[in-house]
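One structure is given below, encoded as structure tokens.
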Amino acid sequence: MAYKSVLAGDKSLIAVGKAVRETRLERGLSQEDLAVDANVERSYMGAIERAEANLTLIVLTRICRALKIKPSELLAKARL
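Going by my numbering, the first residue of the sequence shown is number 1, and it counts up by one from there.
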């Protein structure tokens, strides 16, 4: 039997990842630019956008600061 991540298909992670990606693109930022501004690895930023990583509140706050958006606004955009 193949291993399946407990994160796979999590609707909250999918919604947050999509909201991060949409906001990043609206601001004309690359994943690398956002990762540098948020002080996270680019590969981790990609994993967040693909809902493959369970980000912490600290990382969410850093991402929002880099995107110049409040965490509550990003979560509202994700419909959470």
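Think of the CB as a built atom: it goes at the ideal place given N, C-alpha and C, for glycine as much as any other residue.
Helix, strand or coil: how does DSSP classify residue i here?
i: R50; result: coil
Tell me the residue span of the alpha helix (DSSP H) that contains residue i.
i: A76; result: P71 to K77
i: T61; result: L57 to L67
Mind checking whether residue i and residue j have CB atoms under 8 Å apart?
i: A15; j: L80; result: yes
i: V59; j: V40; result: yes
i: R42; j: G17; result: no
i: T23; j: L67; result: yes
i: M45; j: L29; result: no
Subject >> Secondary structure, alpha helix (DSSP H): runs of 4+ residues fully inside the stretch 12-38 >> reply: 31-38
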